[in-house]
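Per full-length UniProt numbering, the very first residue in the sequence shown carries number 1; after that it's consecutive.
C-beta: ideal position from N, C-alpha, C; glycine also.
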Amino acid sequence: MQLNRVVVTGMGAVSPFGEGVESLHDGIADMRSAITHMERAREVQDMRSSIAGLVPELNVKAIPRKDRRTMTDMGVFALLAAKEALGMADITDEQLESGRLGMALSCTTNCGELIEDFFVQYLPEKTLDHCKSTTFFKFMGHAAVSSVAQALGITGRILAPAAACATSSQSIGLGYEAILLGQQDMMICGGTEELHPLSIASFDFINAASTGFNDSPKDSPRPFDAQRDGVVCAEGAGLLLLESYDHAMSRGANILAEVVGFSTLSSPKNPANPDSHAIKLCMEEALAQAGLSPDDIDYINAHATGTTAGDIAESKAIEDLFGSTTPVSSFKGHLGHTLAASGALEIIATISGLQGGAVYPTRNLTHVDPECGAVNLLKETSREPVTYFLKNSFALGGINASLILRRL
């Protein structure tokens, strides 16, 4: 069976820097922080972290009301990002309705605000009288991909891999495999996330949230830094339009990058603590699928969320496999951790930088933790040529994912 090459022909983003790929790229390139105070988190008693990366107010009137009725914010984020990616790739309505274009998209925990509102209405009298008919369609685990696919008229394969912080990287990997095997010609893939205080609380419960920078939010998170103290949650959506190389060439599409390797493996030792050995195995499998050696990788965009254990585990896995020369950076210091959207948004930012010949460093990396310092952590923008880069995404529950892309 002949396998198809898989390329990226479109990208779309909604991030704490605003709507659009350009806003995302410029925020990263300018070394800005999108982290701010989250007033709703401050209102929660005993919440120790009250900073976050929040999407600025968006103009949603371009989305018809009939579509918005079954969407929460994460659906809106995803639809706007999807439309940007489809527009960049010059995808037609006919292609959307062909059955040969599918979608892989999901989130971490669905809409926290919707869950809160439902139980506020339901619990006092245990009645559904005050619940809206559209609530279920917003509440479904696959609500994001369902609502976006409905709005766009997609008739192809629909996937909703809920894998927490590895969601969008898994989505891209599953889309890659569907095209690789000829099951679809195109897949729009990624993740979306809307923030609620409960999202932050989930990290607070396990002592993984940043709590020491509530008065100076732009100084956190601090991936690989000796003063890092945890995750700063954020929201947004990132979508990539993947396409078979032959299909893209046949219609004269502008090719941005090629996906050449994917791996997603389990780390069963502990649901909360990362395992360096499991991370290494995941990266090794992605390399094997791509037919590459560690020396072929020119840059690693790390998951690195700013937790003590997580950054050390990833650094040690990278050191064991790649040594101390391959450049490494994380974009969490700019964006915060956009959870289900993180893998896709960070790949988009990497591709955007490479289009201008730049690889961007880690923000808030002032004093490298000696336990992370054996790898080549970028502190300044690099102009060294990059052909292949690797993207890591790791989730609570022991779900790891690695993707390898080639610049074209």
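For the beta strand (DSSP E) that Ala-81 lies in, which residues bound it at each end? No beta strand (DSSP E) contains Ala-81, which is instead part of the alpha helix (DSSP H) from 73 to 88.
Helix or strand or just coil, what does DSSP make of Lys-126? Three-state result, Lys-126: coil.
Taking Asp-295 as the reference, which of Asp-215, Asn-364, Ser-169 and Pro-327 has the closest Cα? Nearest in C-alpha terms to Asp-295, of all of Asp-215, Asn-364, Ser-169 and Pro-327, is Pro-327.
Assign Gly-10 to buried or exposed, taking buried as 16 or more other Cβ atoms, counted over all protein chains shown, within 10 Å of its Cβ. Buried, because 16 or more other Cβ atoms sit within 10 Å of the Cβ of Gly-10.
Close-in-space but distant-in-sequence residues of the same chain around Gly-397 (CB under 7 Å, 5 per side omitted): Correct list, in chain order: Ala-164 and Pro-271.
According to DSSP, is Gly-53 part of a helix, a strand, or is it coil? In the structure shown, Gly-53 sits in a strand (DSSP, three-state: E or B).
Between the alpha carbons of Phe-17 and Val-55, how many angstroms are there, rounded? About 7 Å.
By a C-beta neighbour count over all protein chains shown, 10 Å radius and 16 as the cutoff for buried, is Met-249 buried or exposed? The residue in question, Met-249, is exposed, as its Cβ has fewer than 16 Cβ neighbours within 10 Å.
May I ask which residues mark the beginning and end of the beta strand (DSSP E) holding Ala-341? For Ala-341, there is no enclosing beta strand (DSSP E), since its DSSP letter is neither H nor E.
Host beta strand (DSSP E) of Cys-189 (start-end): For Cys-189, the enclosing beta strand (DSSP E) stretches over residues 186 to 193.
Cutting at 6 Å between CB atoms, please list the residues of its own chain near Tyr-299, excluding the five before and the five after it. Cβ neighbours of Tyr-299 beyond the five flanking positions: Pro-327, Val-359, Val-386 and Phe-389.
Return yes when the Cβ of Thr-134 is within less than 7 Å of the Cβ of Arg-69, no when it is not. Note that the C-beta distance between Arg-69 and Thr-134 is below 7 Å.
Using the C-alpha atoms, what's the distance from Leu-239 back to Leu-174? Whole-angstrom Cα-Cα distance: 13 Å.
Assigned secondary structure, Phe-394 (DSSP; H/G/I helix, E/B strand, else coil): Strand, per DSSP.
As assigned by DSSP and simplified to three states, the class of Met-1: Annotated three-state conformation of Met-1 is coil, per DSSP.
To the nearest angstrom, report how far apart Leu-242 and Arg-407 are at their CA atoms. Approximately 14 Å, taken between the alpha carbons.
Where does the unbroken beta strand (DSSP E) through Phe-262 begin, and where does it stop? Residue range 257 to 266 is occupied by the beta strand (DSSP E) that includes Phe-262.
Are the stretch 371 to 384 and the stretch 301 to 317 in contact at 8 Å, needing three or more beta carbon pairs? The way I'd put it, the stretch 371 to 384 does touch the stretch 301 to 317; three or more beta-carbon pairs between them come closer than 8 Å.
Tell me whether His-277 is buried or exposed, calling it buried when 16 or more other Cβ atoms sit within 10 Å of its Cβ. Label assigned to His-277: exposed.
Helix, strand or coil at Val-145 [DSSP, three-state]: The DSSP-derived three-state label of Val-145 is helix.
Can you tell me which of Asp-275, Val-7, Asn-207 and Leu-345 puts its alpha carbon nearest to the alpha carbon of Glu-177? Distance from the Cα of Glu-177 is smallest, within the candidate group Asp-275, Val-7, Asn-207 and Leu-345, for Val-7.
Residue nearest to His-142 in terms of C-alpha spacing, selected from Phe-322, Pro-217, Thr-307 and Met-74: Considering only alpha carbons, the answer is Met-74.
With DSSP run on the structure shown, which of helix, strand or coil describes Ile-28? DSSP places Ile-28 in the helix class (H, G or I) of the three-state scheme.
Counting only the same chain and skipping the five closest in sequence on each side, list residues whose C-beta sits under 6 Å from that of Ser-263. Correct list, in chain order: Cys-282, Glu-285, Ala-286 and Ser-402.
For Ala-151, which three-state DSSP category applies? Three-state result, Ala-151: helix.
According to DSSP, is Glu-384 helix, strand or coil? Coil at Glu-384, not helix or strand.
Do you know whose CA, among Ser-169, Ser-220 and Lys-83, lies nearest Arg-32's CA? Residue Ser-220 is the option with its Cα nearest to Arg-32.
Indicate whether Asp-229 and Ser-210 have their beta-carbon atoms separated by less than 7 Å. Yes.
Could you tell me if Ala-62 is buried or exposed, where buried requires 16 or more neighbouring beta carbons within 10 angstroms of its beta carbon? By the neighbour-count definition (other C-beta atoms within 10 Å, threshold 16), Ala-62 is an exposed residue.
Going by C-alpha to C-alpha distance, which of Glu-380, His-367, Ser-293 and Lys-66 sits closest to Gly-323? Closest option to Gly-323, Cα to Cα, is Ser-293.
Proximity below 7 Å, CB of Ser-329 to CB of Leu-378: Result yes, Cβ atoms of Ser-329 and Leu-378 sit closer than 7 Å.
In whole angstroms, what is the alpha-carbon distance linking Gln-355 and Asp-30? Approximately 16 Å between the Cα atoms of the pair.
Kindly list the residues whose CB is nearer than 7 Å to the CB of Ala-290, restricted to its own chain and excluding five residues on each side of it in sequence; keep chain order. The answer, listed in chain order, is Val-260, Gly-261 and Ile-404.
Taking residue 418 and Met-103 to be in contact with their CB atoms under 8 Å, please state how far apart those CB atoms are, rounded to whole angstroms. For residue 418 there is no data in the structure shown, the boundaries of the chain being 1 and 408.
Exposed or buried, what is Asp-225 when buried is set at 16 or more other beta-carbons lying within 10 Å of its beta-carbon? Buried, by the Cβ-count rule.
Output the boundary residues of the beta strand (DSSP E) element that contains His-37. First-last of the beta strand (DSSP E) with His-37: 35 to 37.
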